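Some notes on the structure that comes next.
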Amino acid sequence: MKAKLGIAPIAWWNDDLAELSDDVSLEECLRQASVAGFTGMETGRRFPMDMKELGPILDRFGISVCGGWFSGLLLDGDIEAEKDRIAQQMEFFIAAGAPCIVYGETARSIQGVRSAPLATKVKLSEAEVEAYGRKISDFADWAAAQGMPISYHHHMAAAVETEAELDLFMKHSSVPLLFDAGHMAFAGGDVMRVIENHHARITHVHTKDIRREVIDALDRTKESFLDAVIKGAFTVPGDGSLDFEAIVKALAAKGYEGWFVVEAEQDPVANPPLEMARKGHAELLRVMDAAGYEVVGSDLEEVTR
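For the sequence shown, counting from 1, position 90 maps to 90 in full-length UniProt numbering; every step adds exactly one.
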């Protein structure tokens, strides 16, 4: 089975917390990702949304677009309005040959509100989830028909955060799933059980690790998601508390093929992005080998085994 290794620029530039951003250019970010061994990168705020401009820069570093975040508002919004909002990114991603757009539901989310404690996140009734599931399933079907599927990102401090919430959402929707080990572990879920229950819908994987001691010490009645990030809740595989060998073996056993993307926002001064990228890549290579994956480059030629 084949796997590709990508990384997100959030290690270099944090869109929600400017103070957790390294002052580097797009070119330097891509250079460091390439030096660390990655062949894909998700998009971020310093990426031009035009392949005529971005394509030559990506080619210089042997990097392809392996996804990117869209801040969706379908929970409260209108499907036609969301089609208009995503249109430019969809056109760009199709031109870039990206595998998917990462759909993150930001309506009623407190993930970007530093003053909002984790315990105050929205909780939907089953009737609300059912209505939301129908709406986003229709949106996902439309996106796939345009040639650019979405992959739904369960996320801390958002409407679909916990394992139980994800189970209910999956029951009432048909949308493809982005599995994020770090967010599910932070939410108190069983990451192995989530793979077992929902593997057939997983189309994209974020290999975010957690620092268990940081998460366990949080006061969720007072501290926010962004407070947790600043404290170092997240890190790269091989530097945290999750068993990525077991996680990747479970995905392999269920037949998952595709991108494994390191996405670990943290303080770039305390955790230099290039150093962390190298550590995450080395750990992924180790666990991919243990799970029997063939890690390939963006041109599908074997680069390691």
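The beta-carbon is built from N, C-alpha and C at its ideal position, and this holds for glycine as well.
In this text the structure is predicted, and so the values were computed from the model without any measurement.
Counting every other CB atom within 10 Å of its CB across the protein chains shown gives Gln32 a total of 16 or more, marking it as buried. Pro48 counts as exposed, since fewer than 16 other C-beta atoms from the protein chains shown sit within 10 angstroms of its C-beta. Ala11 places its beta carbon less than 9 Å from that of Asp22. Taking every protein chain shown into account, the CB of Thr43 has 16 or more other CB atoms within 10 angstroms, so this residue is buried. Cβ neighbours of Ala3 within its own chain (closer than 8 Å, five residues either side excluded): Glu257, Gly258, Trp259, Phe260, Met288, Tyr293, Glu294, Val295, Val296.
By the beta-carbon neighbour count (other beta carbons within 10 angstroms, threshold 16), Arg211 is buried. DSSP, read as helix, strand or coil, puts Val248 in helix.
The DSSP-derived three-state label of Met49 is coil.
Collapsing the DSSP output to three states places Ala217 in coil. For Ala127 and Ser173, the gap between their C-alpha atoms comes out near 12 Å. Across the structure, Lys135 and Val113 are spaced so that their CA atoms are roughly 26 Å apart. According to DSSP, residue pairing for Phe70 in a beta bridge involves Tyr103.
With contacts defined as CB atoms closer than 9 Å, Ala277 and Phe38 qualify as a contacting pair. Per the DSSP secondary-structure output, Leu54 pairs with nothing in a beta bridge.
For Glu245, the closest of Arg286, Leu226, Asp267 by C-alpha to C-alpha distance is Arg286.
Arg108 is positioned such that its CB atom lies no closer than 9 Å to that of Val129.
The shortest CA-to-CA distance from Glu265 to any of Ala233, Ala253, Ala282 is the one to Ala233. For Ala3, there is no enclosing alpha helix (DSSP H); the residue is part of the beta strand (DSSP E) that begins and ends at 2–7. In the same chain as Pro268, and ignoring 5 residues on each side of it, the C-beta atoms closer than 8 Å to its own belong to Ala11, Trp12, Leu20, Ser21, Asp22, in chain order.
Just so you know, the alpha carbons of Tyr103 and Ala290 end up roughly 30 Å apart.
For the pair of segments examined, the segment 46–66 was found not to touch the segment 78–85: the number of CB pairs separated by less than 8 Å stays below three. Lys279 and Gly238 do touch by the CB rule: their CB atoms are close to 5 Å apart, below 8 Å. Between Ala159 and Glu105 a beta carbon distance of about 5 Å is seen, short of the 8 Å cut, so the two are scored as contacting.
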